[in-house]
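Visitor:
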Amino acid sequence: MLYEAKRQRFLVKSPSTCSEPTVVFAKSGKEVTCDAEDVILDVAEQEGVALPSGCRMGACGACKQKLLKGKVEYDEEPDALEEDERKEGMILTCVAHPVGQVVVSA
16 MLYEAKRQRF LVKSPSTCSE PTVVFAKSGK EVTCDAEDVI LDVAEQEGVA
66 LPSGCRMGAC GACKQKLLKG KVEYDEEPDA LEEDERKEGM ILTCVAHPVG
116 QVVVSA
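Each residue of the sequence shown is one higher than the one before, starting from 16 at the first, in the working numbering.
(1) Roughly how many whole angstroms lie between the Cα atoms of V39 and K84?
(2) Taking the alpha-carbon of E145 as reference, which of C70, S34, D53 has the nearest alpha-carbon?
(3) Taking 7 Å as the limit between beta carbons, can you name the residues of its chain near P67, skipping five residues before and five after?
(4) How about D94 and A111: do their beta carbons lie closer than 7 Å?
(5) Measure the C-alpha to C-alpha separation of E35 and Q116 and round it to an integer number of angstroms.
(6) Label A123 either buried or exposed according to how many other C-beta atoms from any shown protein chain fall within 10 Å of its C-beta, with 16 as the threshold for buried.
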């Protein structure tokens, strides 16, 4: 018997003009092309960009960063992100998938 998980995504911020997922880390200046299934925290770690983290599943909020440009998607609504934080452009890097080009404050 096959089981296929239904993936539901939640969008944050405005659409990006770049179709290939790319993460730009503003403080370090690193720009990294990645897969749409990658989460920003994993991309950062692979490139040696130090970001705080904790639970790695969107529940604790330790990985919050400001999204300066672009949009991200979540597989499911994260627990540790309040509506006012979303409006301010905060994201949870441990569960945020880049859509096109994104710039994060890290």
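By construction, the Cβ of each residue, glycine as well, lies at the ideal position given by its N, Cα and C atoms. Quick caveat, the model's predicted, so the values are computed rather than measured.
Guide: According to the structure shown:
(1) Translated into the one-based positions of the sequence shown, residue 39 becomes position 24. Translated into the one-based positions of the sequence shown, residue 84 becomes position 69. About 9 Å.
(2) Past the edges of the chain, shown from 16 to 121, lies residue 145, and the structure says nothing about it.
(3) Start at 1 with the first residue of the sequence shown, and residue 67 comes out as number 52. Cβ within range, chain order: A77, C78.
(4) By 1-based counting over the sequence shown, the position of residue 94 is 79. By 1-based counting over the sequence shown, the position of residue 111 is 96. No, the Cβ-Cβ distance between D94 and A111 is not below 7 Å.
(5) The count along the sequence shown starts at 1 and reaches residue 35 at position 20. The count along the sequence shown starts at 1 and reaches residue 116 at position 101. Their Cα atoms are separated by approximately 7 Å.
(6) Only positions 16 to 121 of the chain appear in this structure, which leaves residue 123 out of reach.
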